[in-house]
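In the working numbering, the protein residues as written are 95 to 241.
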């Protein structure tokens with residue numbers, strides 16, 4: 095004959111409490127994890143669609159007092175004043191929409207109407223309250239490259 099260990103049955107309340115604890119804890123653990131790909135990405139790579147060292151555009155293509163949106167590269171390049179160039183991630187800081195147009199009035203987001211200053215990336219209108227993520231660039235001759 096085999097011997098069975100005597101144990102008291104678990105109550106329904108304890109079983110449901112344990113299941114609820116596991117159900118609440120798993121999403122928290124998943125949020126803490128990450129993949130190796132995430133760890134390898136740099137800030138510039140996650141903010142822009144291209145890697146550092148990638149040529150973006152030429153100085154002639156960027157109008158003074160305005161700029162250009164490079165949708166494929168996910169970068170906005172501006173020329174606030176003659177010879178001064180800035181680059182920003184093409185992502186609105188309000189809810190992550192791609193920026194759509196740029197003029198002397200600013201860089202516009204089509205989703206909720208936020209507008210950002212071409213010289214500073216600071217929000218000037220709309221619900222966004224954080225500036226655009228500025229990206230490092232180098233200007234060599236007439237070539238603008240992501241640094």
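Positions of the beta carbon are idealized from the N, C-alpha and C atoms, including for glycine.
Note that the structure is a prediction, hence the values are computed from the model and not measured.
Does the distance from the CB of residue i to the CB of residue j come in under 9 Å?
{"i": "residue 236", "j": "residue 148", "result": "no"}
{"i": "residue 230", "j": "residue 155", "result": "no"}
{"i": "residue 226", "j": "residue 163", "result": "no"}
For a cutoff of 9 Å on Cβ pairs, would you count residue i as touching chain D?
{"i": "residue 170", "result": "The chain labelled as chain D is not found in the depicted structure, where only one protein chain is given."}
Among the residues of its own chain, which have a CB less than 7 Å from the CB of residue i, if the five just before and after it don't count?
{"i": "residue 195", "result": "202"}
Leaving aside the five residues before and after residue i along the sequence, list all residues of the same chain whose C-beta is less than 6 Å from its C-beta, in chain order.
{"i": "residue 228", "result": "182 and 215"}
{"i": "residue 159", "result": "198"}
Considering just the uninterrupted stretch of the beta strand (DSSP E) at residue i, what are its terminal residues?
{"i": "residue 173", "result": "169-175"}
{"i": "residue 219", "result": "217-219"}
{"i": "residue 196", "result": "195-197"}
{"i": "residue 200", "result": "200-202"}
State the beta-bridge partners of residue i as determined by DSSP.
{"i": "residue 152", "result": "237"}
{"i": "residue 161", "result": "172"}
{"i": "residue 192", "result": "185"}
{"i": "residue 209", "result": "202 and 219"}
{"i": "residue 228", "result": "182"}
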